[in-house]
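*Asks:*
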Amino acid sequence: MASPPRAVLTIDAESFAHTPAYRTAGGTVADPDVGPEQIDRLVETMAEYDARGTWFVVGELARDHPDRIEEVAANGHEIGSHTVTHRHLTDLAADTRQAELRDSRESLETITGQSVTGFRAPSFDIGADHFEMLAETGYQYDSSTVPCRSIPGWYGGEWSIQRPTTADTIQSGANASIGELPVAVMPGLRLPLTGTWLRFFGVRYTIAGMRWLARRGIAPVLYVHPWEFADLPRVEGVPRRVYVRTGAWMWRALERILEADFEFVTARSVLESETDTFEPGAAPDN
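Below, the structure is given as structure tokens:
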């Protein structure tokens, strides 16, 4: 019997307070630290389906909830970095960007005891020196490219490669020692399979895209956020799209995805098997 195709479920571990939608809104709530309380159930749910994943963790969340992030790592998940503060990197000076990358990796390694080799930029926002800076601050791979169509006022249109590769393949002159794992998009339509798009288009859309990619030999890379599983507080100025199908609907959707005929593995394991980026013996302790 053939093994099921692989898929990567990544969790961008940030709170509602870290989202650009909340930070730029006119209104506020007394406690916007919504999302971390969902981490325990996410770990339990993934364990029920024998699923492993990669968690790209914001350093501030790890600082405030170290026990939860320790538990994620203890359950066999890979820990990656999502910066310290979840600010858009291209809004920051070079030395601040470097500190965001370096300090987040070091703090996550201290909390978890794992090597942290993977990175994802907030809102997939990266600059021309991104891959060079990743190499300088101790990373081995990135997952910040989305090969989707241009979405006005959002992102997209910059990338086209959908398979694991090295940074120099997608950006001329980039550091070839850095691997790149693109986020999954629907073939043809070229919109992401998860994040807001899962909530907009429904779980059948996501699973159909996963199967379509698998038939092409591509391991789909999905992403969700803990705050999407919470009952979000209503805040003046936060776009309505942020609230679409959050909470209970997302829990049902996640279980449907985990029930699909896929083996859910870490981001690093896919890159290790499909690129020559990593040297023997350099794997983290997970």
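The numbering of the sequence shown is our numbering, which starts it at 1053 and goes up by one. Every residue, glycine too, gets a C-beta built ideally from N, C-alpha and C.
Where does R1058 fall in DSSP's three states?
*Replies:* strand
*Asks:* Check whether the Cβ atoms of V1060 and A1319 sit closer than 7 Å, and answer yes or no.
*Replies:* yes
*Asks:* According to DSSP, is L1274 part of a helix, a strand, or is it coil?
*Replies:* strand
*Asks:* What is the DSSP secondary structure of V1322, reduced to helix, strand or coil?
*Replies:* In the structure shown, V1322 sits in a helix (DSSP, three-state: H, G or I).
*Asks:* Out of V1136, T1148, I1131, which has the shortest C-alpha to C-alpha gap to Q1166?
*Replies:* Nearest to Q1166 by alpha-carbon distance, out of V1136, T1148, I1131, is I1131.
*Asks:* With H, G and I counted as helix, E and B as strand and the rest as coil, what does DSSP make of A1065?
*Replies:* strand
*Asks:* Could you spell out where the beta strand (DSSP E) holding F1342 opens and where it closes?
*Replies:* Past the edges of the chain, shown from 1053 to 1338, lies residue 1342, and the structure says nothing about it.
*Asks:* For P1204, count neighbouring Cβ atoms within 10 angstroms of its own Cβ and tell me buried if that reaches 16, exposed if not.
*Replies:* Within 10 angstroms of the beta-carbon of P1204 lie fewer than 16 other beta-carbons, which makes it exposed.
*Asks:* Does DSSP classify G1240 as helix, strand or coil?
*Replies:* coil
*Asks:* Quick check: F1281 and M1302, are their CB atoms within less than 7 Å of each other?
*Replies:* yes
*Asks:* Just reading off the beta strand (DSSP E) that G1261 is part of, what are its end residues?
*Replies:* Where G1261 is concerned, there is no enclosing beta strand (DSSP E), although the alpha helix (DSSP H) it sits in stretches over 1255 to 1267.
*Asks:* Grouping DSSP H, G and I as helix and E and B as strand, with all else coil, what is T1071?
*Replies:* coil
*Asks:* Express the C-alpha separation of T1162 and A1099 in angstroms, rounding to a whole number.
*Replies:* 24 Å
*Asks:* Please classify D1092: does DSSP put it in a helix, a strand, or coil?
*Replies:* helix
*Asks:* Quick check: the Cα distance between V1136 and R1115, rounded to an integer number of angstroms?
*Replies:* V1136 and R1115: Cα-Cα distance of roughly 9 Å.
*Asks:* Given 8 Å as the limit, is there contact between the segment 1204 to 1217 and the segment 1298 to 1314, that is, 3 or more CB pairs closer than that?
*Replies:* no
*Asks:* Helix, strand or coil for V1081? Go by DSSP, reduced to three states.
*Replies:* coil
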